[in-house]
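Below is one structure, written out as structure tokens; the observations come after it.
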Amino acid sequence: MSARPSRASSVITGAFVLAGVVVLGLALRGVVQQPESDTAWVALLLGACLITWGVRFVRLPPDDDEGRTPESVLHEGSAVAPKTARPLALLTVVLAASGSYVVVRWFGQSVPAAVTTSLAFVAWRIVNWTVDRAVRRRTDRDDGSAGAAPSEG
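According to the numbering used here, the residues represented by the sequence shown are 2 to 154, in order.
Shown next, in the form of structure tokens:
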């Protein structure tokens, strides 16, 4: 059984791959013209991340209404490549950090400002993951206790 990506997934992947090719082209031009440019070198990373993100996105297991997780889809012998959302999330952090660095430097800010902006995004993302995990644990704990009958004493 072959899992075919949806039209939306294909469009998203195409947009990211196209953007990555454009960024890589501009970054290569920048590296050739100014090899000492830190922004051009980080833009190379950004372009590669855009392309990789698009390819990884289209390879995610399908999310259907049956409540199956990506892991259960993979263990059922699905033709979908064994890729989960975790590498994509990590790649998203690298993509956003390199993108913020390039954008901040493009507007003429200093290297420390660009690095601070990138690190602030990464820190925000880590806090977001931590809060999501805590909310999920609390929800799971509340769901587990909701099924128990209240004790009357």
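Backbone N, C-alpha and C fix where the C-beta goes; we use that ideal spot for every residue, glycine too.
The continuous alpha helix (DSSP H) containing phenylalanine 17 extends over residues 8-34. In this structure leucine 92 does not touch leucine 47 by the C-beta definition: roughly 12 Å separates them, more than the 8 Å allowed. Sequence-distant partners of leucine 89 (beyond 5 residues in either direction) whose C-beta falls short of 6 Å from its own C-beta, in its chain, are Arg57. Cα atoms of arginine 139 and serine 99: separation of roughly 34 Å, rounded to the nearest angstrom. Contact between the segment 15-29 and the segment 39-55 is present: 3 or more CB-CB pairs across the two stretches fall below 8 Å. Note that the C-beta distance between leucine 25 and alanine 49 is below 8 Å. Leaving aside the five residues that flank threonine 117 on each side, none in its chain has a CB nearer than 6 Å to its CB.
Valine 94 and valine 128 do not touch by the CB rule: their CB atoms are close to 12 Å apart, not below 8 Å. Serine 119 and phenylalanine 17 have their alpha carbons spaced roughly 20 Å apart.
Taking C-beta atoms under 8 Å as the contact rule, glutamine 35 and alanine 44 fail to qualify, at a distance of about 11 Å. Exclusion of the five residues before and after isoleucine 13 leaves Gly55, Phe58 and Val59 as the residues of its chain whose Cβ lies within less than 8 Å of its Cβ. Within its own chain, the residues whose Cβ lies closer than 7 Å to the Cβ of serine 11, once the five positions on either side in sequence are excluded, are Val59, listed in chain order.
In this structure, the CA atom of proline 113 is about 12 Å from the CA atom of serine 101.
Runs of the beta strand (DSSP E) spanning 3 or more residues and lying entirely within the segment 79-131 do not occur at all. Exposed is the label assigned to arginine 137, since fewer than 16 other Cβ atoms lie within 10 Å of its Cβ.
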